[in-house]
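*Asks:*
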Amino acid sequence: MYSQRRGDNALFFGEHYHSVDEKGRIILPAKFREAFADGLFITKSFDNCLLVYTKKDWFEIVEKINSLPTTKASVRNYQRFFIGSAVEGEVSRQGRISIAQNLRDFAALDKDIVIVGLANKIEIWEKEKYEQHIAGAEQAAAEIAEEIAEFGV
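FYI, my numbering numbers position 140 of the sequence shown as 1407, with every residue one higher than the one before it.
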C-alpha cells in the first residue's frame, strides 16, 4: 500500500478505494504523491482502465514506442491508442489529480474507483470492473502462474 524508490524509479503497491468527485478529480494515496511531484501522464489501458506514469517513466516508454517502425499499421494504431490519448497532469496541494472527461468515459469512472499500484505505474479502475477482473484472475491463478513461469518469473 505504498510507494518506494528503487534507484531513480518509484515503485507502487496496493489497492486503494476512492471515488471521483463532481469535477472529475480523484485523491491520490498519500504515499504515491511524492513520486509524481514533477508531474504525471494518464493514458488508456487495453483492460479498459487508465494507466498513470511518472514523467520520467512516461518519456522512457514513449521513446521505446517511437523507435518502432511506423511503416507498420499496428505500430501507428498503438501510438494513437496509447500516446495519442495521453493527458499530462499534476498532483494538487490537496493530493488530487484531474482526469480528463474522455479518459473518464473510456474507463467508465463515474463514482467508485480502485487505484492499483503495479510497480512502475498505477492503474485506475471503475470499482465493479476491477472486482470482476480480479475475480476472474483469481479463478485462473494456476493457469496464469504457468504462463508467467514461461517468462522466467
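Glycine included, every Cβ here is placed at the ideal spot set by N, Cα and C. Predicted model, so just to flag it, every value in this text is computed and none were measured.
What number of angstroms, rounded off, separates the C-alpha of residue 1298 from the C-alpha of residue 1342?
*Replies:* Taking the straight line joining both Cα atoms gives about 35 Å.
*Asks:* Pull up the CB-CB distance for residue 1352 and residue 1311, whole angstroms please, since I reckon it's below 8 Å.
*Replies:* That belief holds up - the Cβ atoms of residue 1352 and residue 1311 are roughly 5 Å apart, short of 8 Å.
*Asks:* Compute the Euclidean distance between the alpha carbons of residue 1309 and residue 1414, then round it to the nearest angstrom.
*Replies:* Straight-line Cα distance between these residues: approximately 29 Å.
*Asks:* Closest to residue 1321 by C-alpha separation, out of 1406, 1409, 1333 and 1389, would be which residue?
*Replies:* With distances taken between Cα atoms, residue 1321 lies closest to 1389.
*Asks:* Determine the closest residue to residue 1313 out of 1416, 1355, 1400 and 1361, with distance taken between C-alpha atoms.
*Replies:* Checked all of 1416, 1355, 1400 and 1361; the closest Cα to residue 1313 is 1400.
*Asks:* What I want to know is whether the C-beta of residue 1384 ends up closer than 7 Å to one or more non-hydrogen atoms of the ligand FMN.
*Replies:* This structure lacks the ligand FMN, and indeed carries no ligand of any kind.
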